[in-house]
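Undergrad: Letter 198 of the sequence shown, counting from 1, is numbered 905 in my numbering, and no numbers are missing. Ideal Cβ placement from N, Cα and C applies to all residues, glycine included. Submitted below is the structure of interest, expressed as structure tokens.
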Amino acid sequence: MTLPPNTGIGLKPAHYRDVLEPQPGSAAPAWVEVHPQNYFVDGGPPHRWLTAVAERLPVSFHSVGLSIGTADGLDTDELDQLAALCDRYEPASVSDHLSWSGNGADRYPDLLPIAYTRTSLDHVSAQIGRVQDRLRRPLLIENPSRYLAFAKDEMDEVGFIHALCSQSGCGLLFDINNVEVSCTNLQTDPFAYVDAIDPAIVGEIHLAGHATEWHDDRALLIDDHGSPVSDLTWQLFDRFIGRAGPRPVLIEWDTDVPDFAVLMAQAQKAGDHMARAASPLLQAV
């Protein structure tokens with residue numbers, strides 16, 4: 708099973724019943740995504756719900772715990788649990804982040820940035836290789852939301868991502884909200900970033916909202932997934948799919964989770980944007 712080139716949602720327990728028992732005339736997602744770490748148990752209600760959903764819809768696993776960039780290497784227990792869950796559900800896609808979240812002894816509740824150097828590239832590529840070998844499937848790696856850049860970076864983020872995909876055989880989970888967050892915080896051009904991404908490496912797109920803090924006269928964007936998709940992120944999305952075509956697109960909303968109807972309205976909006984990009988007649992409207 709593969710993800711359809713349509714819109715899905717990040718599945719939350721509050722919306723299990725909405726997905727499984729849709730009201731007449733209500734919208735439904737084309738697919739759903741879950742954080743597999745929430746299902747690292749042998750049984751119980753989480754697995755009963757996920758099993759029922761997986762019988763109806765394609766499911767994507769978006770991991771938050773592999774810590775691909777950790778200098779000490781992957782947590783073998785974490786990888787084993789993810790592999791067991793993949794064997795159980797056969798997800799349509801598996802992804803994680805271009806980041807690190809701890810060391811050999813500790814894990815942190817953050818997705819921390821890595822330096823864009825040749826040494827980092829070789830290390831992360833090797834770790835992705837281990838994951839892909841263990842899962843027996845390709846991995847998608849998500850571009851990060853960044854709040855700082857390393858002074859000794861040897862390449863820009865897009866160059867690093869393309870080199871990583873080429874060297875490791877992974878694909879890109881293209882988070883367009885993260886482009887807005889990173890480019891705003893680092894004062895770079897988000898349109899140039901989007902234009903530089905090769906559509907051939909993109910297996911999935913994420914859209915989400917963010918929070919804004921003001922420090923003197925500068926905005927600091929916080930990737931909190933707690934609000935509707937911003938106008939700029941929609942513009943960047945239009946720009947990318949205008950040349951890339953329809954892709955599996957996810958609406959992420961992880962904090963201040965709204966009613967199901969609000970979430971599906973965002974998913975429908977993403978679908979409308981893709982339909983408009985694919986139709987010359989709609990583009991002219």
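1) Could you pull out every residue in the same chain whose Cβ sits closer than 8 Å to the Cβ of Asp749, ignoring the five residues on either side in sequence?
2) In its own chain, which residues sit with a C-beta less than 7 Å from the C-beta of Leu710, not counting the 5 before and 5 after it?
3) Can you tell me where the beta strand (DSSP E) with Ser802 in it begins and where it stops?
4) Going by Cα to Cα distance, which pick from Asp945, Phe898 and Gly836 is closest to Ser986?
5) Taking only runs of the alpha helix (DSSP H) that begin and end inside the segment 803-886, which ones reach a length of at least 4 residues, in chain order?
6) Tell me the rounded alpha-carbon separation between Tyr854 and Tyr746.
7) What separation, rounded to the nearest whole angstrom, lies between the Cα atoms of Arg925 and Thr940?
8) Taking the DSSP output, what are the residues bridged to Ile716?
9) Under a Cβ-count criterion, where at least 16 other Cβ atoms within 10 Å of its own Cβ denotes burial, should Met971 be classed as buried or exposed?
10) Using the C-alpha atoms, what's the distance from Leu846 back to Leu718?
11) In terms of DSSP beta bridges, what is Thr919 paired with?
12) Whole angstroms are fine: how far does the CA of Gly878 sit from the CA of Pro908?
13) Does the segment 775-794 come into contact with the segment 725-742, if we say contact requires no fewer than three beta-carbon pairs (one atom in each stretch) closer than 8 Å?
14) Can you grab the Cα-Cα spacing for the pair Ile958 / Ala918, in whole Å?
15) Determine contact between the segment 817-832 and the segment 869-889, defined as no fewer than three beta-carbon pairs at a distance below 8 Å.
16) Taking just the CA atoms, how far does Ser808 sit from Arg814?
17) According to DSSP, is Ser937 helix, strand or coil?
18) In three-state DSSP terms, what is Phe768?
19) Of the choices Gly751, Gly715, Asp725 and Leu781, whose alpha-carbon is the least far from that of Pro736?
20) Going by DSSP, what residues sit across from Val969 in a beta bridge?
21) Consult DSSP for Ile904 and reduce its assignment to one of helix, strand or coil.
22) Please look up how many angstroms separate the CB atoms of Leu928 and Glu887, rounded, as I've assumed it's under 8 Å.
23) Output needed for Ala903: all residues of its chain with C-beta closer than 7 Å, excluding positions within five of it in sequence on either side, in chain order.
24) Within the same chain, show all residues whose beta-carbon is closer than 7 Å to that of Ser852, passing over the 5 residues directly before and after it, in chain order.
25) Comparing the CB of Ala858 with every heavy atom of the ligand MG, is any distance shorter than 7 Å?
26) Going along the chain, which residues of its own chain have a beta-carbon closer than 6 Å to the beta-carbon of Gly978, five neighbours each way excluded?
27) Could you tell me whether the Cβ atoms of Gly803 and Ile775 are closer together than 8 Å?
28) Among residues of its own chain, excluding the 5 on either side of Leu786, which ones have a beta-carbon nearer than 7 Å to its beta-carbon?
TA: In short:
1) none
2) Trp738, Pro765, Ser767, Ala799, Ser800, Glu911 and Pro955
3) In the DSSP assignment, Ser802 falls within the unbroken beta strand (DSSP E) covering Ser800 to His804.
4) Asp945
5) Counting whole runs of 4 or more residues, the segment 803-886 contains the alpha helix (DSSP H) stretches 825-842 and 864-875.
6) 30 Å
7) 19 Å
8) Val739 and Ile958
9) buried
10) 20 Å
11) Leu928
12) Checking the sequence, you will find Ile at residue 908 rather than Pro. Taking the straight line from one Cα to the other gives about 5 Å.
13) Contact annotation: the segment 775-794 does not touch the segment 725-742, with fewer than three C-beta pairs closer than 8 Å.
14) If you draw a straight line from the Cα of Ile958 to the Cα of Ala918, it is about 16 Å long.
15) Contact between the segment 817-832 and the segment 869-889 is present, because at least three Cβ pairs lie under 8 Å.
16) 6 Å
17) coil
18) strand
19) Gly715
20) Its beta-bridge partners do not exist; DSSP assigns none.
21) coil
22) 7 Å
23) Val865
24) By the criterion of a C-beta distance shorter than 7 Å, Ser852 is surrounded in its chain by Asn885, Val888, Ser889 and Asp930, once the five residues flanking it on both sides are discounted.
25) Because no ligand of any kind appears in the structure shown, any question about the ligand MG cannot be addressed here.
26) Thr714
27) This sequence places Asp at residue 803; Gly is not what is there. Contact: yes.
28) Leu773, Val838 and Arg841
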